[in-house]
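Trainee: Numbers given in my numbering equal positions in the sequence shown, counted from 1, plus 352.
C-beta atoms are modelled at their ideal positions from N, C-alpha and C, and glycine is treated no differently.
Starting off with a structure, shown below.
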Amino acid sequence: MDIRIKANEGHYKCRVCGAVIKDDKLLVVEINHDGFNCLPGGHVQLGESSHDALLREIGEEVGITCTNTKLVALIENFFDKPDRKMHELCFCYVAETNDEMNMDDYEFIENDNGELKSLQFRWIKLDDLPNVDFRPKVFGDKLAKRDFEFEHIIFDQRNK
């Protein structure tokens, strides 16, 4: 069971994501052609550590085994969707692998608890991240600076 709460006032979710970097490029994903990029990852399940969730999600979505991971940010992310307010707690890792990586753009159809999602993967140069619609932007800026020291970030993008 995913850790998330749906209420009339908005939704809360606990998420994990992984920055997979190879040859100074970052693997990003666009979900269901929504127009912006984020890192591969997903919901943490009840009773699951963020680290175990990262290994599971990267394995499911990217098809690799992470050999070395480092938690680099805990982001409390507040934002508005057209139909609801969102409160997201996101554990952000940098993940390494010894597995062969597909360096081409590709699409993966994921069955997410019965809902089919189109995941469009592509590689972006770290230096280009500030010019890409990457969310949360504050984490993209951190990655572009190659800042891999842990940071707790509160990022509020709500329309108040």
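Give the DSSP bridge partners of R367, in chain order.
Mentor: Per DSSP, H395, C442.
Trainee: Compute the Euclidean distance between the alpha carbons of R367 and C442, then round it to the nearest angstrom.
Mentor: If you take the alpha carbons of R367 and C442, they lie about 5 Å apart.
Trainee: Consult DSSP for E428 and reduce its assignment to one of helix, strand or coil.
Mentor: The answer is strand: DSSP assigns E428 an E or B state.
Trainee: Does the distance from the CB of T449 to the CB of I416 come in under 8 Å?
Mentor: In contact: T449 and I416 (Cβ atoms closer than 8 Å).
Trainee: Would you call E361 buried or exposed, if buried means 16 or more other Cβ atoms sit within 10 Å of its Cβ?
Mentor: Flag for E361 reads exposed.
Trainee: Please look up how many angstroms separate the CB atoms of K437 and R356, rounded, as I've assumed it's under 8 Å.
Mentor: That pair is no contact at about 14 Å.
Trainee: Put E413 into one of helix, strand or coil per three-state DSSP.
Mentor: E413: helix per DSSP, three-state reduction.
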